[in-house]
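Asks:
Protein chains in written order, with the UniProt record's numbering: chain Y, 1 to 241; chain B, 1 to 241.
And the structure:
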């Protein structure tokens, strides 16, 4: 690569990273707004989420196109290639977080249009804050190329799974006590499920950050080995694969 | 590329394609076995699904590694690069189909261990056959590089969404009529949801096949434009994005 091409490549790489961070910021806001619509019944927020979802979709396609072009034109080195391939995978997870946020917003609308307030919403609110923080932490780990921070997000996903199971039990109890709430409770279950999925996607993105920095693919390796590899240590036999 | 390198590259590309098709075959069998376990209560099938899920995870990591190496070493042309980047994305969807199949198998186990047979299972069986065919059709479209066939899968996903909504209504009615079935019915809802997700993933994979062959990114473009682009025609304004 000539010096000029090299400089151009790094500028383009930087733009790709910034666009991805921008997309992540939008998704974070979508999750918050969807949950806010659920708590407050402010349905203008639902429209806002749907508008942003289109922007997120547009960014997904644009970033993917940039990545293909950058690889095709520049024959990047191992490290830069890893970064580009990782962003390409992270993009998919980020876009799906956006989809889940949109589902939450739509269900918030349905719940409010059918009237009534729901007790388990408080619990979901907590879960939502938790997974939003996970998205933010994945983005931070990505921006700062910090695999140890990323491994923390992977660990946090276990917490989300616990909260999800707890919420599910809680909502089921609620339905059994008052079967008239069945239809609306199913919507709440889907909201909890959407939050749990967002946690999963944040975990996937963080695993990609570890791969980006360390070159180790930590998917399906178990949390202990993920943490070891994130610190740059060797993995140990765990039979977790 | 020298002739030798070129030949080696094409052999490696072929291996990557075959491994992906193998992975797809495993996932297809997992969905079928999971549903079979649900219908018959044959829980040895659940273990079989879980074994295969590990193999699918292993293949995902192996294929991704091959793709990175192929890109880094061979600086593939636009067409080959598009193929490799597409397989990389399809891999993620395929692995998640495997995850959903595993969830179905685990819920089949729980439902049978808690005893009882459930009326709505017949309906889910139909949905399962439909989405399994969608996975197979995506793989066929991929193997034969047939974008028109792929567009049919994208269209079929709308059918799955209808079946999902129908099943959901049916199961909710069932719960309201007999609230004692609430807990078990929730499991059935999750099975239906898992099937609906598998349909989504098959759709995503088919969209990648269209991109692979035509170079047009048809995500978020709406079904009519997807079909036009798959046939090699120009897209029209639809305001669907």
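C-beta: ideal position from N, C-alpha, C; glycine also.
Nothing here was measured: the structure is a model prediction, and the numbers come from that model.
(1) Is the number of C-beta pairs between the stretch 28-41 of chain Y and the stretch 61-78 of chain Y that are closer than 8 angstroms three or more?
(2) Measuring only the C-alpha atoms, how far is residue 96 of chain Y from residue 122 of chain Y?
(3) For residue 90 of chain Y, which residues of its own chain have a beta-carbon under 6 angstroms away from its beta-carbon, when the five flanking residues on both sides are left out?
(4) For the putative contact between residue 111 of chain Y and residue 38 of chain Y, defined by C-beta atoms under 8 angstroms, what is the C-beta separation to the nearest angstrom?
(5) In chain order, what residues of the stretch 204-228 of chain B put their CB closer than 8 angstroms to some CB of chain Y?
(6) Please classify residue 234 of chain B as buried or exposed, where buried requires at least 16 other C-beta atoms within 10 Å of its C-beta.
(7) Between the C-alpha atoms of residue 184 of chain Y and residue 172 of chain B, what's the straight-line distance to the nearest angstrom?
(8) Secondary structure at residue 114 of chain Y, three-state DSSP: helix, strand or coil?
(9) Where does residue 232 of chain B fall in DSSP's three states?
(10) On the CB-based measure, 16 or more other CB atoms within 10 Å of its CB, does residue 132 of chain B come out buried or exposed?
(11) Is the Cβ of residue 61 of chain Y closer than 9 angstroms to any Cβ of chain B?
(12) Residue 44 of chain Y: buried (16+ other C-beta within 10 angstroms of its C-beta) or exposed?
(13) Check whether the stretch 77-84 of chain B touches the stretch 149-161 of chain B, counting contact only when three or more Cβ pairs, one atom from each stretch, lie closer than 8 angstroms.
(14) Taking 9 angstroms as the threshold (beta carbon to beta carbon), is residue 89 of chain Y in contact with chain B?
(15) Chain B beta carbons: is any one of them nearer than 9 angstroms to that of residue 8 of chain Y?
(16) With a cut-off of 8 angstroms on the beta carbons, I'd call residue 49 of chain Y and residue 14 of chain Y a contact; round off their distance for me.
(17) Leaving out five residues on either side along the sequence, give the residues of the same chain with a beta carbon under 7 angstroms from the beta carbon of residue 88 of chain B.
(18) Run down chain B in chain order and give the residues with a C-beta less than 9 angstroms from the C-beta of residue 176 of chain Y.
(19) Helix or strand or just coil, what does DSSP make of residue 8 of chain Y?
(20) Can you list the residues of chain B that residue 26 of chain Y reaches, using a CB-CB cut of under 9 angstroms?
(21) Please state the DSSP three-state secondary structure of residue 140 of chain Y.
(22) The stretch 156-167 of chain Y: which residues have C-beta closer than 9 angstroms to a C-beta of chain B, in chain order?
(23) Where residue 159 of chain Y and residue 125 of chain Y are concerned, what is the direct C-alpha to C-alpha distance, given to the nearest angstrom?
(24) Nearest by alpha-carbon distance to residue 210 of chain Y: which of Y:227, Y:19 and Y:197 is it?
(25) Output, in sequence order along the chain, the residues in the stretch 42-73 of chain B whose CB is closer than 9 angstroms to any CB in chain Y.
(26) Classify residue 17 of chain Y as helix, strand or coil using the three-state DSSP reduction.
(27) Drop a sphere of 10 angstroms on the beta-carbon of residue 10 of chain B, count the other beta-carbons inside from all chains shown, and report buried for 16 or more, exposed for fewer.
(28) So is residue 225 of chain B buried or exposed if we call it buried at 16+ other beta carbons inside 10 Å?
(29) Would you call residue 203 of chain B buried or exposed, if buried means 16 or more other Cβ atoms sit within 10 Å of its Cβ?
(30) Residue 141 of chain B and residue 34 of chain B look like a contact to me (Cβ under 8 angstroms); what is the Cβ gap, rounded to whole Å?
(31) Consider the Cβ of residue 110 of chain B: report whether some Cβ of chain Y lies at a distance smaller than 9 angstroms.
(32) Restricting to Cα atoms, I'd like to know which of B:231, B:154 and B:41 is closest to residue 108 of chain B.
(33) What runs of the beta strand (DSSP E), each 3 residues or longer, lie entirely inside the UniProt domain "PhoU" (21-107) of chain Y?
(34) Select from Y:22, Y:70, Y:69 and Y:78 the residue whose C-alpha is nearest the C-alpha of residue 52 of chain Y.
(35) Counting along the chain, where does the alpha helix (DSSP H) carrying residue 147 of chain Y start and finish?
(36) Return no unless some Cβ of chain Y is closer than 9 angstroms to the Cβ of residue 186 of chain B.
Replies: Inspection of the coordinates gives the following:
(1) no
(2) Locating residue 96 of chain Y in the first chain gives position 96, counting from the first residue. Locating residue 122 of chain Y in the first chain gives position 122, counting from the first residue. Cα to Cα, residue 96 of chain Y sits roughly 24 angstroms from residue 122 of chain Y.
(3) For the purposes of this step, residue 90 of chain Y is taken as the residue at position 90 of the first chain. If we look at residue 90 of chain Y and ignore the five residues flanking it on each side, its Cβ neighbours are 205 and 208.
(4) Taking the first chain and counting its residues from 1, one reaches residue 111 of chain Y at position 111. Taking the first chain and counting its residues from 1, one reaches residue 38 of chain Y at position 38. At roughly 7 angstroms, the Cβ-Cβ gap stays under 8 angstroms, so residue 111 of chain Y and residue 38 of chain Y are in contact.
(5) 217, 219 and 220
(6) By 1-based counting over the second chain, the position of residue 234 of chain B is 234. Residue 234 of chain B comes out exposed.
(7) Walking along the first chain from the start, residue 184 of chain Y turns up at place 184. Walking along the second chain from the start, residue 172 of chain B turns up at place 172. Near 10 angstroms, if we compare the C-alpha coordinates of residue 172 of chain B and residue 184 of chain Y.
(8) By one-based count along the first chain, residue 114 of chain Y stands at place 114. Residue 114 of chain Y: coil per DSSP, three-state reduction.
(9) Looking up residue 232 of chain B in the second chain gives position 232. It is coil, neither helix nor strand.
(10) Here residue 132 of chain B refers to the residue found at position 132 when the second chain is read from its first residue. Buried, by the Cβ-count rule.
(11) Stepping through the first chain from its first residue, residue 61 of chain Y is reached at position 61. So yes, residue 61 of chain Y belongs to the interface.
(12) The residue you call residue 44 of chain Y lines up with position 44 of the first chain. Exposed, because fewer than 16 other Cβ atoms sit within 10 Å of the Cβ of residue 44 of chain Y.
(13) no
(14) Here residue 89 of chain Y corresponds to residue number 89 of the first chain, with the count starting at 1. By this cut-off, residue 89 of chain Y is an interface position.
(15) Counting from one through the first chain, the residue named residue 8 of chain Y turns up at place 8. No, residue 8 of chain Y lies away from the interface with chain B (no Cβ there is under 9 angstroms from its Cβ).
(16) The residue labelled residue 49 of chain Y in the question sits at position 49 within the first chain. The residue labelled residue 14 of chain Y in the question sits at position 14 within the first chain. Not quite, the Cβ-Cβ distance comes to about 29 angstroms (not below 8 angstroms), so this is no contact.
(17) Counting from one through the second chain, the residue named residue 88 of chain B turns up at place 88. 64 and 67.
(18) Translated into positions along the first chain, residue 176 of chain Y becomes position 176. 179, 180, 182 and 183, listed in chain order.
(19) Here residue 8 of chain Y refers to the residue found at position 8 of the first chain. Three-state DSSP puts residue 8 of chain Y in a helix.
(20) What you label residue 26 of chain Y is simply residue 26 of the first chain in a count that begins at 1. Going along chain B, no residue has its Cβ under 9 angstroms from residue 26 of chain Y, so there is no contact; the nearest lies around 15 angstroms.
(21) To locate residue 140 of chain Y, count along the first chain from 1; it is residue 140. Here residue 140 of chain Y sits in helix by DSSP.
(22) none
(23) If you number the first chain from 1, residue 159 of chain Y lands on position 159. If you number the first chain from 1, residue 125 of chain Y lands on position 125. Taking the straight line from one Cα to the other gives about 15 angstroms.
(24) Residue numbering aside, residue 210 of chain Y sits at position 210 when the first chain is read from its first letter. Of the candidates Y:227, Y:19 and Y:197, the one whose C-alpha sits nearest the C-alpha of residue 210 of chain Y is Y:227.
(25) 54, 57, 58, 60, 61, 64, 65, 67, 68, 71 and 72
(26) Translated into the one-based positions of the first chain, residue 17 of chain Y becomes position 17. The answer is helix: DSSP assigns residue 17 of chain Y an H, G or I state.
(27) Residue 10 of chain B sits at position 10 when you count from the first residue of the second chain. Result: exposed.
(28) Numbered from its first residue, the second chain carries residue 225 of chain B at position 225. It counts as buried.
(29) In the second chain, residue 203 of chain B corresponds to position 203, counting from 1. It is buried - the Cβ of residue 203 of chain B has at least 16 other Cβ atoms within 10 Å.
(30) The residue you call residue 141 of chain B lines up with position 141 of the second chain. The residue you call residue 34 of chain B lines up with position 34 of the second chain. Wrong, their Cβ atoms sit about 24 angstroms apart, outside the cutoff.
(31) Position 110 of the second chain, counted from the start, is the residue given in the question as residue 110 of chain B. Chain Y contact via Cβ: absent.
(32) What you label residue 108 of chain B is simply residue 108 of the second chain in a count that begins at 1. The residue with the shortest Cα to Cα distance from residue 108 of chain B is B:41.
(33) none
(34) The residue you call residue 52 of chain Y lines up with position 52 of the first chain. Nearest of Y:22, Y:70, Y:69 and Y:78 to residue 52 of chain Y, Cα basis: Y:22.
(35) For the purposes of this step, residue 147 of chain Y is identified with residue 147 of the first chain, where counting begins at 1. It spans 147-177 - the alpha helix (DSSP H) in which residue 147 of chain Y sits, taken as one unbroken run.
(36) If you number the second chain from 1, residue 186 of chain B lands on position 186. Closer than 9 angstroms: yes.
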